[in-house]
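Chains as they are written, first to last, in the numbering used here: chain C, 39 to 131; chain V, 277 to 809. For each residue, glycine too, the CB sits at the ideal point set by N, CA and C. Keep in mind it's a predicted model, so treat the numbers as computed, not measured.
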Amino acid sequence: MSIERPLILDKVIQVLETMTQDWDMDYAGTINEDVKLVEDLTFASIDIIQLVVALEEAFQRRDLPVDKLLLKDGRYVDEIKVSSIVDFLKAHL
Amino acid sequence: MSQTLFLGLDGATFHLLDDLICDRPGQGIVMPFLKRFMERGFRAPLRSTPHPLTPPAWTTLVTGRNPGEHGIYDFMRVDDRQDQVFFTLYDFRDIRCETIWSIAGRQNRRVSALNFPIMAPPPNINGSLIPGFTPWRHLRRNMTPASLYERLTAIPGFHPKELAWDFERENEVGNDMEEEYLADWVRYHLPREKLWFEVARKLLAEDRPELLAVLFDGVDKIQHQAWYYLDPELQPADPSPLHRQLRELCLSYFRNLDGYLEQLVALARPDARVFMASDHGFRDSATIVRINRYLADLGHLVYQELDGTAAAQRREASPFAYLNWHKTVAYCPTPSSNGIIIRVAQSPGQPGIAPCDYLGFRERLIGQLYRLIDPATGQPAIRDILIREEAFPGQASASAPDLTLVLADHGFVSIRNVAPPVGQRPRPVGTHHPDGVFMAAGPGIRAGARGEVFPIADVAATLLHSLELPIPGDLDGRVARACFRDDWLGDHPIRRGPATLPVNRDRPTTEAMPESEKQKILDQLAMLGYLEE
Numbered sequence: 039m040s041i042e043r044p045l046i047l048d049k050v051i052q053v054l055e056t057m058t059q060d061w062d063m064d065y066a067g068t069i070n071e072d073v074k075l076v077e078d079l080t081f082a083s084i085d086i087i088q089l090v091v092a093l094e095e096a097f098q099r100r101d102l103p104v105d106k107l108l109l110k111d112g113r114y115v116d117e118i119k120v121s122s123i124v125d126f127l128k129a130h131l
Numbered sequence: 277m278s279q280t281l282f283l284g285l286d287g288a289t290f291h292l293l294d295d296l297i298c299d300r301p302g303q304g305i306v307m308p309f310l311k312r313f314m315e316r317g318f319r320a321p322l323r324s325t326p327h328p329l330t331p332p333a334w335t336t337l338v339t340g341r342n343p344g345e346h347g348i349y350d351f352m353r354v355d356d357r358q359d360q361v362f363f364t365l366y367d368f369r370d371i372r373c374e375t376i377w378s379i380a381g382r383q384n385r386r387v388s389a390l391n392f393p394i395m396a397p398p399p400n401i402n403g404s405l406i407p408g409f410t411p412w413r414h415l416r417r418n419m420t421p422a423s424l425y426e427r428l429t430a431i432p433g434f435h436p437k438e439l440a441w442d443f444e445r446e447n448e449v450g451n452d453m454e455e456e457y458l459a460d461w462v463r464y465h466l467p468r469e470k471l472w473f474e475v476a477r478k479l480l481a482e483d484r485p486e487l488l489a490v491l492f493d494g495v496d497k498i499q500h501q502a503w504y505y506l507d508p509e510l511q512p513a514d515p516s517p518l519h520r521q522l523r524e525l526c527l528s529y530f531r532n533l534d535g536y537l538e539q540l541v542a543l544a545r546p547d548a549r550v551f552m553a554s555d556h557g558f559r560d561s562a563t564i565v566r567i568n569r570y571l572a573d574l575g576h577l578v579y580q581e582l583d584g585t586a587a588a589q590r591r592e593a594s595p596f597a598y599l600n601w602h603k604t605v606a607y608c609p610t611p612s613s614n615g616i617i618i619r620v621a622q623s624p625g626q627p628g629i630a631p632c633d634y635l636g637f638r639e640r641l642i643g644q645l646y647r648l649i650d651p652a653t654g655q656p657a658i659r660d661i662l663i664r665e666e667a668f669p670g671q672a673s674a675s676a677p678d679l680t681l682v683l684a685d686h687g688f689v690s691i692r693n694v695a696p697p698v699g700q701r702p703r704p705v706g707t708h709h710p711d712g713v714f715m716a717a718g719p720g721i722r723a724g725a726r727g728e729v730f731p732i733a734d735v736a737a738t739l740l741h742s743l744e745l746p747i748p749g750d751l752d753g754r755v756a757r758a759c760f761r762d763d764w765l766g767d768h769p770i771r772r773g774p775a776t777l778p779v780n781r782d783r784p785t786t787e788a789m790p791e792s793e794k795q796k797i798l799d800q801l802a803m804l805g806y807l808e809e
């Protein structure tokens, strides 16, 4: 099954908006492809675990190779942009 | 339809409750409502799951199935990929059996289930569900129905920060705390428990569910750290002012809890039956068994070498094993598991023992484990070793640890790389005991009666019978007949019904992951854990 990128983006933004609606954070803009999870949305470790579960639920998949999203060149990425999540899902859904 | 209340008391033990219902000089009766409840009802010890731990035990209580069937063994799920081992959290999708929330709900009973673990992401039920052990930032979207959160904001002072788990704080549960910090730890649980009470009261009053179940988990958290100040047998003859102050603070928690229980029971319908139970009991533990250090000394395990980076130090201090996976054949994954996993090579050249050597290796390892001696007592540090297929038969047996250890004092193991393998704590801490509590009162319940110990799997069937529902034929547990009057059972015979509905959730699958990258994911999980020395 292949899902168009704009549809994936809409769904990811929806998941993130639902997830962060009660959070104490300074970021007041809308969530778009350029938004950074840690810098803009104040994500911590446990939030990333919860995001993985939320994405698995939203896309009805438990076999996503999330290491490909969270790691780059053997190192944990310090920051994840929304566009990276969308690219990852486009490649693996 | 009659109403049933289930009030969960995480880790409650009669050893302590019986002291709190006595009139002690200078202390009075700490839990007067519970005293009256016991006098007008039934009580019995409740035997926990083979490994008495919160996730498997509560899951057994709410499914009526043993861990070998429901598949929850620990907080963390272990995924062995041969050249690496991946740890992640168990969640609701891992439970392989139907819950009583579902069984009752699909038979027209409205349910409110509050604060039970492994309930996120939440299932759809006929009523309301708020999962326990969920960080506050993720509580809203893990409630069902979706409109529930807005309803809760009507509670004065409501904030999800106080209702949900604070992972940074809860990670402290197994550390030896300084006394000054201990007071903060106890105070942290006071408003949290009050808010769970407020939520339960609101849903009980407004929704009038046929089954309201709420779990008060501060009992367990406070007993872990403050057992020394609570256990009547450990109280010094001449306690210091700080000791008195900490004990009184702990008792204030139980006084509050008693009030919450009383108000919830008062708010229930007059015909309601009320049940209380814990997932396990409690006792003191003074011995540290560093099981991975012992396995390393035996040559079965090699710790990962530290490269001096801060990331490596954080990982090494995390509550799940940090090992050289190419050279390790047997290890304990987490201190909360008390389990040992024997690695079997999936193909020649892979880490682990050859499949044909498994039984022989396991037998030798069991012998070696029983020979681990506590120098303080001269006795074995391990009192019992449970074998997977014997302790956890069922569809999920393969997910259980190969061996589960029962330590001499029922404590949790340490996985730290510290010698010697067996040592002593500076002062006793609280640990889980297999025998928890079961209490009941209301129409049809025997008054002032005591029963023999029965298994925790029986609670689900007992609650279903109280709801006047048939008992699914495939439950491991049975109705606890001893708690009901004979005449009431005659008028309300136990009915056997069809099996539970199958659970067909996607099982997680794995994909090969570059070894160099996996450590970073493990780092992300480092803040999650349970007990350590």
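One or two residues paired with residue i in a DSSP bridge
i	result
Leu537/V	Answer is none; Leu537/V lacks a bridge partner.
Val620/V	Ile629/V
His708/V	Phe558/V
Val550/V	Leu281/V, Ala717/V
Phe730/V	Leu322/V
Thr563/V	Gln700/V
Met352/V	Leu365/V
Ser725/V	Inspection of the sequence shows that residue 725/V is occupied by Ala rather than by Ser. Paired residue(s): Phe318/V.
Phe380/V	It is worth fixing the name first, because residue 380/V is Ala in this sequence and not Phe. In the DSSP output, where bridge partners are listed per residue, Ala380/V has none listed.
Val91/C	Its beta-bridge partners do not exist; DSSP assigns none.
Gly575/V	In DSSP, Gly575/V forms no bridge with anything.
Tyr607/V	Ile617/V
Gly773/V	Pro748/V
Leu522/V	Its beta-bridge partners do not exist; DSSP assigns none.
Cβ pair residue i, residue j closer than 9 Å
i	j	result
Ser121/C	Val115/C	no
Ser561/V	Gly687/V	yes
Ala695/V	Arg772/V	no
His768/V	Gly727/V	no
Leu329/V	Ser673/V	no
Leu75/C	Ile86/C	yes
Val495/V	Gly287/V	yes
Pro331/V	Tyr366/V	yes
His709/V	Gly535/V	no
Ala459/V	Gln521/V	yes
Tyr529/V	Val462/V	yes
Asp660/V	Val698/V	no
Ile69/C	Ile84/C	no
Leu681/V	Val541/V	no
Pro778/V	Glu374/V	yes
Where residue i falls: helix, strand or coil (DSSP)
i	result
Gly628/V	coil
Thr80/C	coil
Pro517/V	helix
Val779/V	coil
Arg545/V	coil
Gln358/V	coil
Phe434/V	coil
Leu296/V	helix
Pro44/C	helix
Thr785/V	Bear in mind that the predicted position of Thr785/V carries a pLDDT of just 35, short of 50, making it too unreliable to give a figure here.
Gly699/V	strand
Ser121/C	helix
Glu748/V	With the sequence shown as reference, residue 748/V is identified as Pro, and Glu is not the correct amino acid for it. Pro748/V: strand per DSSP, three-state reduction.
Val475/V	helix
Lys128/C	helix
Ala758/V	helix
Lys497/V	helix
Okay, do the region 346-355 of chain V and the region 672-689 of chain V touch, 3+ Cβ pairs below 8 Å being the bar?
-> The region 346-355 of chain V is in contact with the region 672-689 of chain V.
Say whether the region 403-414 of chain V touches the region 502-521 of chain V, bearing in mind that this needs 3 or more beta-carbon pairs closer than 8 Å, one atom from each stretch.
-> With a cut-off of 8 Å, the region 502-521 of chain V and the region 403-414 of chain V do not count as touching, because too few Cβ pairs lie within range.
Whole runs of the alpha helix (DSSP H) within the region 301-337 of chain V, excluding any shorter than 4 residues | You should have 308-315.
State whether the region 537-548 of chain V contacts the region 277-286 of chain V, with contact taken as three or more CB pairs (one from each stretch) at a distance under 8 Å.
-> The region 537-548 of chain V is in contact with the region 277-286 of chain V.
The region 757-765 of chain V in contact with the region 727-744 of chain V per 3-pair CB rule at 8 Å | Flag = yes, the region 757-765 of chain V and the region 727-744 of chain V touch.
Between the region 330-350 of chain V and the region 727-737 of chain V, do three or more beta carbon pairs fall short of 8 Å?
-> Yes: the two stretches touch, three or more of their Cβ pairs being nearer than 8 Å.
In chain order, each beta strand (DSSP E) run of at least 3 residues that lies wholly inside the region 390-423 of chain V | Correct list: 403-407.
List in chain order: all unbroken alpha helix (DSSP H) runs of 4+ residues lying wholly within the region 633-693 of chain V.
-> Here the runs fully enclosed are 634-646, 664-667.
For the region 475-485 of chain V and the region 388-402 of chain V, state whether three or more C-beta atom pairs, one from each stretch, are separated by less than 8 Å.
-> They touch, by the three-pair rule.
Does the region 619-639 of chain V come close enough to the region 597-609 of chain V that 3 or more CB-CB pairs lie under 8 Å?
-> In short, these stretches touch, since the Cβ pair count reaches three.
Examine the Cβ distances between the region 566-586 of chain V and the region 290-307 of chain V and report whether three or more of them are shorter than 8 Å.
-> When Cβ pairs closer than 8 Å are counted between the two stretches, the region 566-586 of chain V is seen not to touch the region 290-307 of chain V, the count staying below three.
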